[in-house]
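One structure below.
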Amino acid sequence: MSYDYPKKLVQLQLAMAALQAEYARFVADLPRSVVPLDAHEGREGLWTARDPSPGYTEEQKARRTAYEADLRELSAQVSAHPYWASLPPEDRVAARQGLKKVEPGDEQAGE
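So the mapping is simple: our numbering equals the position in the sequence shown, first residue as 1, plus 10.
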């Protein structure tokens, strides 16, 4: 089934997808723990050896917190958009999954 998503809803979804990708790149480069941790040796079958972790800097903590707040806000705007109420309940999950597949330049968006 094809859905005629409102333009604003598509814009919100695209903004959220872009921010999720940016956030994923950011956290991939963070130390393994928020607080500093010493290295430890692994023990076969029980745990893995780990290098020391310097912990997050204050800037890294602030940026992560900001990313997460922005993602929550975009997620709330998408999930609470009035468009969803215009659909029969049995179509909402499929419509939401379809929206997640919209890409920049897709002509699916209505006005």
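Glycine residues also receive a C-beta, built at the ideal position from the N, C-alpha and C atoms.
Computed from a predicted model, the values in this text were never measured in an experiment.
Task: Where S63 falls: helix, strand or coil (DSSP) - done: strand
Open item on the list: Please give the ranges of any alpha helix (DSSP H) in the stretch 17 to 76, keeping only runs that are unbroken, at least 4 residues long and fully inside the region.
Closed with: 17 to 38
- [ ] Check K111 in the structure and name its three-state DSSP category.
- [x] coil
- [ ] Find the nearest neighbour of A76 within the set Y15, L24, L29 and L22, judged by alpha-carbon distance.
- [x] L29
Open item on the list: Checking 7 Å against the spacing of the C-beta atoms, do D39 and A49 come in under that value?
Closed with: no
Task: Residue of L81, L47, Y13 and G108 minimising C-alpha distance to Y33 - done: L81
Open item on the list: So, with DSSP's three-state summary, where would you put P98?
Closed with: coil
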